[in-house]
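Asker: One structure is given below, represented as structure tokens, and several questions about it will come after.
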Amino acid sequence: MKLALIFAIGSAFHSFQDDWTYYEHKVQNWVYAAQLWLAGPSNHANFTTDSLQVGCLLILSRLTGPAGTPTWISTASLLQMGMMMGIHRDSTLFSSLTPFQVEMRNRLWTTIIELSVQALLDSGVPLPLSLDEFDGRSPSNINDQAISPERKEKTKPKDGHIFTDSSIQILLSKSISARLEIARLLNDPLRKNLTFDKAMRLGQELRTACREISAIFQTNIPQGQKSGQMEFQRKFLDMYLHRYIFFLYRPFMIEARKDPRYYIARKMCVESCLIIASHCENVTDPSTEMSDHLWRLTRVGSGAFKGPLCMDVIAVLGLELVMQVEEENSIRLPGFPMTAAVDPLGEMNKANRVPLIRCLERIKDHLEQIIVSGRVSLKRYIFLVGALSLVRAIDCGLPIRQTIFEDITATLRKYYSYLSERASDQPRPEPVGEMAVDPGDMPDLSAFFPTDDWVCVF
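With positions in the sequence shown counted from 1, the corresponding number in our numbering is that position plus 151.
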């Protein structure tokens, strides 16, 4: 089961040279089989390390694949299961545990907390735990080969600046308290405790964590060389942490439209979005082997794995672009359009918008490639078309509503014909009453659950 889920996660990095639909169905079957395994008749015998590992892999496979259902439900169950098993407590309190069991408990709890905080940030519901409710430790800085069930002696951890198989978890765990606090403040329905000073302090902690991660990767990557795996890890971690930063500053960015005191929050929010987008800008055609792995992940992922293609990043960059145009337009005298000859400041402002427009255009191109590949998702693309049309209308003095309407209508017509052709090529599902079920096609559930458990259910 764990191997099937690992294959499901790895399918996100496929080169897409073949028909993705075939792999999509395979991944869905693997994910549904794992869900069936976890949702079976439960008793205390099912609360094992294997169950927690399958649960963690299942959530990751749903975030990186086509079965992207709301993960906070599974994450909440996983968190509760882990606490019932006691892995949220310091492993040194249990003297009977072997070094292998201690390390596995630490790694699993760190993974569960990471998945829980991310899922709760996306869902917007209040957090069910705080830092005072667990004392589990971070993993040791050792490689996977240094631990095994047969090994009885404890392995000495390596220095913190040396990169190991546990380094990613350790680096993320250093900022978990700040990110847990950010999620708690943002998920508070009234946000009474989210003050500007507190946001600046938490944001600075995460920016420091980003610089520390960058320094560690620079130390471990040989001069003049690039490791594909480590480069992917560096980009993803930077993108992952900056997502928390722009979520934290976004409420104050909106307030900055009326109160200039929050301009620094607006600036940092936009900078974080631009950094996220920059990690996927130098990509080639996704059908080639040279395509960036991070781009492949954002193409099929959901939540934090969408990267610059998520609606939140697009909305922040679009809002910043509109705010800049509105601010420039507000200083124009009625009946006197500004030109470069009489207003060099206006020309400078227009030049400053070029990086934003280019960034949004690149995201638009990526979304277009996703639509053409057969993954129907027009909401982000249409929103982006509307935002760029709004800016173009204001800059050129065109009727705003008419320009936006015409551009969006042209886009819908373009993809309506394309999607109609694809829909006609897809086989239609048979009506339920006409489907013939062959008993030989039914899976053998005895491989997943003991027969006695099913007797108890009925």
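Glycine included, every Cβ here is placed at the ideal spot set by N, Cα and C.
Remember, predicted model here, so these are calculated numbers, not experimental data.
Output the distance between the C-alpha atoms of P437 and R394, rounded to the nearest integer angstrom.
Answerer: Counting from one through the sequence shown, the residue named residue 437 turns up at place 286. Counting from one through the sequence shown, the residue named residue 394 turns up at place 243. Bear in mind that a pLDDT of 48 at P437, under 50, signals an unreliable position, so the number given afterwards is only what the model happens to contain. Rounded to the nearest angstrom, the two C-alpha atoms are 24 Å apart.
Asker: Could you tell me the alpha carbon to alpha carbon distance between Q520 and D201, rounded to whole angstroms?
Answerer: Mapped onto the sequence shown, residue 520 falls at position 369. Mapped onto the sequence shown, residue 201 falls at position 50. In a straight line, the C-alpha of Q520 is about 38 Å away from that of D201.
Asker: On the criterion of 16 or more Cβ atoms from any shown chain inside 10 Å, does K457 qualify as buried, or is it exposed?
Answerer: For the purposes of this step, residue 457 is taken as the residue at position 306 of the sequence shown. Counting Cβ neighbours within 10 Å, K457 comes out buried, since at least 16 surround it.
Asker: Whether or not the segment 289-301 and the segment 269-278 are in contact is what I'm after, with contact meaning three or more pairs of Cβ atoms, one per stretch, closer than 8 Å; do they touch?
Answerer: Flag = no, the segment 269-278 and the segment 289-301 do not touch.
Asker: Rounded to whole angstroms, what is the Cα-Cα separation between G354 and W446?
Answerer: As a first step, residue 354 is located in the sequence shown; it is residue number 203 there, counting from the start. As a first step, residue 446 is located in the sequence shown; it is residue number 295 there, counting from the start. Spanning the two alpha carbons is a distance of roughly 26 Å.
Asker: Do you know offhand how far V178's Cα is from I551's?
Answerer: As a first step, residue 178 must be located in the sequence shown, where it is residue number 27. As a first step, residue 551 must be located in the sequence shown, where it is residue number 400. So the two alpha carbons sit approximately 44 Å from each other.
Asker: Over what stretch of residues does the alpha helix (DSSP H) that includes Y414 continue unbroken?
Answerer: Counting from 1 along the sequence shown, the entry for residue 414 is found at position 263. 414-429 is the span of the alpha helix (DSSP H), which, as asked, contains Y414.
Asker: In chain order, what residues of the same chain have a beta carbon less than 7 Å from the beta carbon of H165, not counting five sequence neighbours either side?
Answerer: Looking up residue 165 in the sequence shown gives position 14. Within the same chain, H165 has close Cβ partners Y174.
Asker: Among K305, E382, P506, E265, whose alpha-carbon lies nearest the alpha-carbon of S324?
Answerer: In the sequence shown, residue 324 corresponds to position 173, counting from 1. When each option's Cα is compared against that of S324, the closest is E265.
Asker: Express the C-alpha separation of G161 and H176 in angstroms, rounding to a whole number.
Answerer: By one-based count along the sequence shown, residue 176 stands at place 25. By one-based count along the sequence shown, residue 161 stands at place 10. Cα to Cα, the separation comes out at about 14 Å.
Asker: When DSSP labels each residue in this structure, what does I396 get in the three-state scheme?
Answerer: For the purposes of this step, residue 396 is taken as the residue at position 245 of the sequence shown. Helix.
Asker: So the candidates are F397, Q475, E301, D310; which of them puts its Cα closest to the Cα of N371?
Answerer: Within the sequence shown, residue 371 is the residue found at index 220, counting from 1. The shortest C-alpha separation from N371 is found at D310.
Asker: Among S228, A455, F251, whose alpha-carbon lies nearest the alpha-carbon of I263?
Answerer: For the purposes of this step, residue 263 is identified with residue 112 of the sequence shown, where counting begins at 1. Closest option to I263, Cα to Cα, is S228.
Asker: Could you check the C-alpha separation between L518 and K530 for me, to the nearest Å?
Answerer: Within the sequence shown, the letter at position 367 stands for residue 518. Within the sequence shown, the letter at position 379 stands for residue 530. In a straight line, the C-alpha of L518 is about 10 Å away from that of K530.
Asker: What is the DSSP secondary structure of R504, reduced to helix, strand or coil?
Answerer: In the sequence shown, counting from the first residue as 1, residue 504 sits at position 353. Coil.
Asker: Provide the residue span of the alpha helix (DSSP H) that contains M255, from first to last.
Answerer: Your numbering for residue 255 matches position 104 in the sequence shown. Taken as a continuous stretch (DSSP letters only), the alpha helix (DSSP H) holding M255 covers 250-274.
Asker: Are the Cβ atoms of E304 and A329 separated by less than 7 Å?
Answerer: Taking the first residue of the sequence shown as position 1, residue 304 is located at position 153. Taking the first residue of the sequence shown as position 1, residue 329 is located at position 178. No, the Cβ-Cβ distance between E304 and A329 is not below 7 Å.
Asker: According to DSSP, is G311 part of a helix, a strand, or is it coil?
Answerer: Residue mapping note: residue 311 aligns to position 160 of the sequence shown, counting from 1. Three-state DSSP puts G311 in coil, outside helix and strand.
Asker: Taking T199 as part of the alpha helix (DSSP H), name the residues at either end of that continuous run.
Answerer: Along the sequence shown, one-based indexing puts residue 199 at 48. Unbroken run through T199: none, as it is neither H nor E.
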